[in-house]
Structure formats: structure tokens, C-alpha cells
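**Student:** So the sequence shown is numbered by the numbering used here: it starts at 359 and just counts up by one.
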Amino acid sequence: MSGVLALRDIEAGYGKSAVLNGVSLDVADGELVAVLGPNGSGKSTVAKTVMGMTTLYSGSIEWDGRDIRSAPTWRRARLGLGYVPQVENVLRGLSVTDNLLIGVQDLPRRERDDRLAEVLELFPELERRIRTLAGNLSGGERRMLSLGAALAQHPRLLLLDEPTSDLAPSAIDRVFEKIAAIRETLEIPIMMIEQTVAVALEMSDRVCILVRGGVVLERACSDITQDEVGKIFLEHTAAPSASG
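Structure follows, in C-alpha cells:
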């Protein structure tokens, strides 16, 4: 399958420490692809590699058919890659408003206001906290803010790195509901790195499972069960794993 985002035979890591070993992965228009795997399998490194935040040893990264291997991170964001990291995904010393608008400061005032209104329509809970410092929000609210800040930049694809990690169960449910709403409302493709296997399989089109930095399974979610994914995880839990 070819997609708007295509990774081919990616070998990448940090400095001289290799993490990904021959990873190939596509995300097509309108598709939600879940990237699953045991802890330390290299899932987050995939997203960071897409954004140009790792050392790419070999392989290609194509965005809309264009090779972006040499593009800096800021350029990839300008091209439409919206990245929400697992940690440090909001600026705690800034207000909700400033976090939402920090990526669109170069736009005319009216367009910035329109972007803010669009985000708040999707996240009305943020409007009630609009002047609050991000550091004073709950964990769930900060995660909503990180999603909203990415959407304010009108991305053409979202890269979500464990959007529900370290959240209370009620907040996890709300985040998944928002991701589903984003997909339904905006119809943009999403690559979601996630640990909550059951929900990820339920809401995604395809699943890609990583183990020790390599793809061991890629399949339509309708053709795999949670038990099958669990068995793959268990088979590799005791084996040495890559970091990331």
C-alpha cells in the first residue's frame, strides 16, 4: 500500500545507537494506523524519525511522494506533519491561549482567531480554562491542549505518541473520544502509537506491531484479535529490546 506518508526500510536511532531495523510503514489518506509493541520496541522512535529528530542511517521517508529525509523538523511541520510527543507536549509556563496559538503566530490576527475558534469548538473544555497556565491543568486537560495546539496548525497528518499514557481511566476515555472526533470531523490521517491495545484495535484501520525495532506484523485491525496481539507481546517480553 502507498500512502501520504511512506517509510521504506528505515534504519535509525540516536547517534551510534541503532533502534529501528528496516521499518517500512504507510499511512494513507483518511486512515488511522495504530503502532503497537512491547515497551522499548522502538515505537516512539518511529514518530521521531518521521519528524527528523533521530539519526537516519538508511531508508527513505516520503511525504506525498516527496523525499523529506533531508528536511529539518520545522520544515516537516510546515509541510503538514502534526506531531504530539508523549512528554513535554505543552509549555507549562504559558496560558492555554498562548499554547494553542504559538505555532501560528506568523498568521494575520483574524486567521489566528479563526484557528483558535476551530480548536475550541472541538475542545470546549479548554475554553473554560482559556487563561489558565498549562502547568495548572490536569493531566487530561494538558493532553487535550497538546492535541489542540497541533490542530491549530492545520496539519495534514497527525503523529500521536502514546496520547493516553499516564492518564486516569476517565481521562483516557475522553482522549480517545477526541481522537475519534478529530478523525470524523477533519478526516485527516493519523498514526497513533498506543499501549491500550483493545481500544487501538477497535478504532484503527490497520495495526503495525514492532518488536526490537522491526515490524513483525502489519494487518487490517478487522483481521486480528486482542489475544493475538497479546501473544506476540508475550513472546518477546523476555527478549532483549531496543530503546525507544
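Just so you know, even glycine gets a beta-carbon here, dropped at the ideal spot from N, CA and C.
1. Identify every residue that forms a DSSP beta bridge with A364.
2. Considering only the alpha carbon of each residue, which of I582, A558, R489 and V454 lies closest to L390?
3. If contact is defined by three or more beta carbon pairs under 8 Å, each pair taking one atom from either stretch, is the region 414-428 in contact with the region 468-477?
4. So the candidates are G423, L452, G506 and G388; which of them puts its Cα closest to the Cα of A475?
5. I'd like the list of long-range same chain contacts for C566, defined as Cβ closer than 8 Å, with 5 residues on each side in sequence excluded.
6. What does the alpha-carbon distance come out to for the pair N544 and A526?
7. Along the chain, where does the beta strand (DSSP E) that runs through I567 open and close?
8. So, under 8 Å CB-CB, V381 and L365 are touching, yes? Tell me the CB distance rounded to an integer number of Å.
9. Considering only residues of the same chain and omitting the five flanking positions on each side of G361, which have a CB-CB separation below 6 Å?
10. With DSSP as the reference, label E499 as helix, strand or coil.
11. Taking the C-alpha atoms as reference points, what is the distance between T490 and G438?
12. Determine the direct distance from the alpha carbon of F591 to that of S496, and round the result to whole angstroms.
13. Helix, strand or coil: which one does DSSP assign to L592?
14. Under a Cβ-count criterion, where at least 16 other Cβ atoms within 10 Å of its own Cβ denotes burial, should R486 be classed as buried or exposed?
**Tutor:** So, from the data block:
1. For the purposes of this step, residue 364 is taken as residue 6 along the sequence shown, with counting starting at 1. According to DSSP, which records beta bridges pairwise, A364 is partnered with D384 and E420.
2. For the purposes of this step, residue 390 is identified with residue 32 of the sequence shown, where counting begins at 1. The option with the nearest alpha carbon to L390 is A558.
3. At 8 Å Cβ cutoff, the stretches do not touch.
4. Indexing the sequence shown from 1 puts residue 475 at position 117. Selected option, being the one with the closest Cα: G506.
5. Along the sequence shown, read from residue 1 onward, the residue named residue 566 stands at position 208. Answer for C566: L383, V391, A392, V393, L394, V573, L575 and E576, listed in chain order.
6. For this step, residue 544 is matched to residue 186 along the sequence shown. For this step, residue 526 is matched to residue 168 along the sequence shown. The identity of residue 544 in the sequence shown is Leu, whereas the question assumes Asn. For L544 and A526, the distance between alpha carbons rounds to 27 Å.
7. Position 209 of the sequence shown holds residue 567. Element bounds for I567: R564 to V569.
8. If you number the sequence shown from 1, residue 381 lands on position 23. If you number the sequence shown from 1, residue 365 lands on position 7. Cβ-Cβ separation between V381 and L365: approximately 6 Å, consistent with a contact (criterion under 8 Å).
9. Start at 1 with the first residue of the sequence shown, and residue 361 comes out as number 3. Its chain contains D384, V385 and A386 as the residues whose beta carbon lies nearer than 6 Å to that of G361, once the 5 sequence neighbours on both sides are disregarded; these appear in chain order.
10. In the sequence shown, counting from the first residue as 1, residue 499 sits at position 141. Three-state result, E499: helix.
11. Here residue 490 refers to the residue found at position 132 when the sequence shown is read from its first residue. Here residue 438 refers to the residue found at position 80 when the sequence shown is read from its first residue. Going by the C-alpha atoms only, they are around 28 Å apart.
12. Translated into positions along the sequence shown, residue 496 becomes position 138. Translated into positions along the sequence shown, residue 591 becomes position 233. When rounded, the separation of the alpha-carbon atoms in S496 and F591 is 31 Å.
13. Walking along the sequence shown from the start, residue 592 turns up at place 234. Of the three classes helix, strand and coil, the one that applies to L592 here is helix, per DSSP.
14. For the purposes of this step, residue 486 is identified with residue 128 of the sequence shown, where counting begins at 1. By the 10 Å Cβ count, R486 comes out exposed.
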